[in-house]
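Asker: Handing you this structure, nothing more for now.
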Amino acid sequence: MSAIPVTIGRRMPLAAASERLDASAQGAGSASGRPVIGDALVDTHGRVHRDLRISLTDRCSLRCTYCMPEQGNEWLAKTSILTLDEIERIARVAAADGITTFRLTGGEPLLRTDIVEVVRRLAAITGPTGAPVEIAMTTNGIRLPELLPGLIEAGLNRLNISIDTLRRDRFHELTRRDRLDDVLEGIAAAGASDLRPLKLNAVAMRDVNDDELVELVEFAIAHDAQMRFIEQMPLDAGHTWDRSRMVTQDEILQALSRRWTLAPVPGRGGAPAARWTLDGGPHSVGVIASVTAPFCGDCDRLRLTADGQLRNCLFSTTEYDVLPILRDGRPADTVDAGVDGMLRSCVHGKLPGHAINDPAFLQPARGMNAIGG
Ligand code: SF4
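Listed below in structure tokens is the structure:
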């Protein structure tokens, strides 16, 4: 398999990132006015960042049509993939700066051979108050039956599992792999564990799975899990997203309300999913409506790609490269300050929201598998 570096959007050079940070630091943090490790990651719109999504690989055991092309994907170079030590180092600085949740994503994070050790190292990190960070993971579930006991023992707290359809032929067509039984076994293993809340994610797609919404919610309830539907976003590697094919939040709620009485759950905070109780609870359903009901005003998320690029938004076309800071041979005691500076520069550059609904919207060059969900 070839290992060609993926073509990405604009990378912010180190010097420009530091300059921008200096300009933004007036009045914050240390006596000099420059933020230091331990100061919260606050952007220019007042949003405090608490959630770091760490992509561990761009590889996946499936080939979902809305995420990756069937063939010809440009994989990240293996030498550029962050090592266990490098991930831990970035995570420690991020936790000191107020990040309280690490969500492990991919590609498929369970393909990483040192995944249990990644969880163990991150779960041992504490924030400024001494409280442990939370470790969550988004997975396709295929390797859960063999790995879940070790992951839980290592400190995993929460799981989101992707399941777009319960029909074998559809699953095969959509993911280009005949692995539905493996995914169902993974969900069964998660359902039998103590990890809660357990969330199941489906991208709602017109004429693909939009006749299965009720069935998927019933399946989730049977596994003591919460079903969440996601509006399809323009993040596919093939750049084939078509707004008119997207199933909207309104359509999802309409379909579900034919089966249940839905009532909104208050107190969403920075969570991407708005939730509704089903017939008064205790079960609920979530919808992530990034396109028709954006929630960017409360966004507290940053992303780290598997090749060491910090991103302040799923749809950002600028990346902040941490790799040189970790690998350019600078004195060890200045590495953490460099990582901290890059985190702050990334946060400072965050726009108020995505521009999917703007005619001039430019889709990021990276596909979802190389950004991290
Ligand atoms: S689109 Fe970007 S800013 Fe908006 S919620 Fe998603 S990651 Fe946050």
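Residues in the sequence shown are numbered from 9 upward in steps of one, following this note's numbering. Idealized CB from N, CA, C, for every residue including glycine.
In angstroms, rounded to a whole number, what distance separates the CA positions of R338 and A104?
Answerer: Here residue 338 is taken as the residue at index 330 of the sequence shown, counted from 1. Here residue 104 is taken as the residue at index 96 of the sequence shown, counted from 1. When rounded, the distance between both Cα atoms is 21 Å.
Asker: Straight-line CA distance for G135 to P360?
Answerer: Start at 1 with the first residue of the sequence shown, and residue 135 comes out as number 127. Start at 1 with the first residue of the sequence shown, and residue 360 comes out as number 352. Distance between the alpha carbons of G135 and P360: 27 Å.
Asker: Just to confirm the assignment, what range does the beta strand (DSSP E) spanning Q234 have?
Answerer: Your numbering for residue 234 matches position 226 in the sequence shown. Looking at the DSSP string, the run of the beta strand (DSSP E) that includes Q234 is Q234 to E239.
Asker: How should T87 be labelled, buried or exposed, when 16 other C-beta atoms within 10 angstroms of its C-beta is the threshold for buried?
Answerer: The residue you call residue 87 lines up with position 79 of the sequence shown. Classification for T87: exposed.
Asker: Looking only at C-alpha atoms, which of R100, C321 and G277 sits nearest to V126?
Answerer: The residue you call residue 126 lines up with position 118 of the sequence shown. Of the listed residues, the one whose Cα sits closest to V126 is R100.
Asker: Is it the case that the Cβ atoms of G80 and N377 are separated by a distance below 8 Å?
Answerer: Here residue 80 refers to the residue found at position 72 when the sequence shown is read from its first residue. Here residue 377 refers to the residue found at position 369 when the sequence shown is read from its first residue. No, they are not a contact pair.
Asker: Could you check which residue in S353, G199, G246 and I169 has the C-alpha nearest to that of C75?
Answerer: Your numbering for residue 75 matches position 67 in the sequence shown. For the residues S353, G199, G246 and I169, the minimum Cα distance to C75 belongs to G246.
Asker: Quick one, are the C-beta atoms of V299 and A281 less than 8 Å apart?
Answerer: Counting from 1 along the sequence shown, the entry for residue 299 is found at position 291. Counting from 1 along the sequence shown, the entry for residue 281 is found at position 273. For V299 and A281, no; Cβs fall outside 8 Å.
Asker: If we ignore side chains and look at the alpha-carbon of each, how far apart do T269 and A373 end up?
Answerer: Translated into the one-based positions of the sequence shown, residue 269 becomes position 261. Translated into the one-based positions of the sequence shown, residue 373 becomes position 365. Roughly 41 Å between the two C-alpha positions.
Asker: So the candidates are E220, T147, T313 and G275; which of them puts its Cα closest to the Cα of T173?
Answerer: In the sequence shown, the residue the question calls residue 173 occupies position 165. Here the closest residue by C-alpha is E220.
Asker: Excluding the five sequence neighbours on either side, which residues of its own chain have a C-beta within less than 6 Å of the C-beta of R184, listed in chain order?
Answerer: The residue you call residue 184 lines up with position 176 of the sequence shown. Cβ neighbours of R184 beyond the five flanking positions: R71 and E78.
Asker: Near D51, which residues of its chain fall below 8 Å by C-beta distance, leaving aside the five closest residues on each side in sequence?
Answerer: The residue you call residue 51 lines up with position 43 of the sequence shown. So the list reads H57, N320, V355, H356 and K358, once near-sequence residues are dropped.
Asker: Let me make sure I understand the geometry here. Which of W83, C68, R61 and R128 has the alpha-carbon closest to that of L92?
Answerer: Along the sequence shown, read from residue 1 onward, the residue named residue 92 stands at position 84. It is R128.
Asker: Measure from the alpha carbon of E82 to the alpha carbon of each residue in R67, L334, N148 and T73, then state which is nearest.
Answerer: The residue labelled residue 82 in the question sits at position 74 within the sequence shown. Of the listed residues, the one whose Cα sits closest to E82 is R67.
Asker: Would you kindly work out how many angstroms separate the C-alpha atoms of T256 and S324, rounded to a whole number?
Answerer: The residue you call residue 256 lines up with position 248 of the sequence shown. The residue you call residue 324 lines up with position 316 of the sequence shown. C-alpha separation (whole angstroms): 23 Å.
Asker: In the structure shown, what three-state DSSP assignment does Q371 receive?
Answerer: Reading the sequence shown from its first residue, position 363 is the one you call residue 371. Here Q371 sits in coil by DSSP.
Asker: Quick check: what's the CA-CA separation for A233 versus A340?
Answerer: Here residue 233 refers to the residue found at position 225 when the sequence shown is read from its first residue. Here residue 340 refers to the residue found at position 332 when the sequence shown is read from its first residue. Looking at the two C-alpha atoms, the distance is approximately 44 Å.
Asker: What are the uninterrupted segments assigned as alpha helix (DSSP H) that are 4 or more residues long and contained completely in the region 89 to 155, given in chain order?
Answerer: Within the region 89 to 155, the complete alpha helix (DSSP H) runs of at least 4 residues are 92 to 104 and 123 to 131.
Asker: Residues bridged to A210 by DSSP?
Answerer: Your numbering for residue 210 matches position 202 in the sequence shown. In DSSP, A210 forms a bridge with F237.
Asker: Please return the same chain residues whose Cβ sits closer than 6 Å to the Cβ of D59, not counting the five positions on each side in sequence.
Answerer: Locating residue 59 in the sequence shown gives position 51, counting from the first residue. Answer for D59: T109, D308 and R309, listed in chain order.
Asker: Might you give, ordered along the chain, the residues of its own chain that have their beta carbon closer than 6 Å to the beta carbon of D30, omitting 5 neighbours on each side?
Answerer: Within the sequence shown, numbered from 1, the residue matching residue 30 stands at position 22. No answer about D30 holds up, because its pLDDT of 49 lies below 50 and its placement is not dependable.
Asker: Please report the Cβ distance between L155 and L208, rounded to the nearest whole angstrom; I am assuming they are in contact, meaning their Cβ atoms lie under 8 Å.
Answerer: Walking along the sequence shown from the start, residue 155 turns up at place 147. Walking along the sequence shown from the start, residue 208 turns up at place 200. Their Cβ separation, rounded to whole angstroms, is 18 Å, which puts L155 and L208 out of contact at 8 Å.
Asker: Quick check on the burial criterion: 16 or more other C-beta atoms within 10 angstroms. Buried or exposed for P290?
Answerer: Residue mapping note: residue 290 aligns to position 282 of the sequence shown, counting from 1. So P290 counts as exposed.
Asker: Using a 10 Å radius around the Cβ and a threshold of 16 neighbouring Cβ atoms, would you call L90 buried or exposed?
Answerer: As a first step, residue 90 must be located in the sequence shown, where it is residue number 82. It counts as buried.
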